[in-house]
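The sequence shown maps to residues 10 to 80 in my numbering.
Every residue, glycine too, gets a C-beta built ideally from N, C-alpha and C.
Just so it is clear, the structure is predicted and the values come from calculations on it, not from any experiment.
These notes are about the structure you will find just below.
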Amino acid sequence: MSTPTLAHDSDDRRRRSTRRMLAIAAIVIVGVLLAANAHLVYVAFSSQPDCVAHLKGEGEHGTYRAAKSAC
10 MSTPTLAHDS DDRRRRSTRR MLAIAAIVIV GVLLAANAHL VYVAFSSQPD
60 CVAHLKGEGE HGTYRAAKSA C
């Protein structure tokens, strides 16, 4: 009579262990995504480029220039 109970306990432990591992994996993945996004925001705000010389008049075809000068 105790055999079905032992098998049931083993299944419960296995399910709890699987759920725990999935929860830990989900927390780690969310943590990595949050850290990556925080780093992206930090780099975006800390690396503002200075003004550079650029064409202010009509540009030639195929050359790049600022759409609207910030300086």
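Alpha carbon to alpha carbon, what distance is there between residue j and residue i?
i	j	result
residue 28	residue 17	16 Å
residue 40	residue 70	47 Å
residue 52	residue 46	10 Å
residue 48	residue 58	18 Å
residue 25	residue 32	10 Å
residue 54	residue 44	16 Å
residue 42	residue 56	21 Å
residue 38	residue 72	43 Å
residue 21	residue 30	14 Å
How about residue i: is its C-beta nearer than 7 Å to some C-beta of chain D?
i	result
residue 48	Reference to chain D is not applicable here, since this structure consists of a single protein chain.
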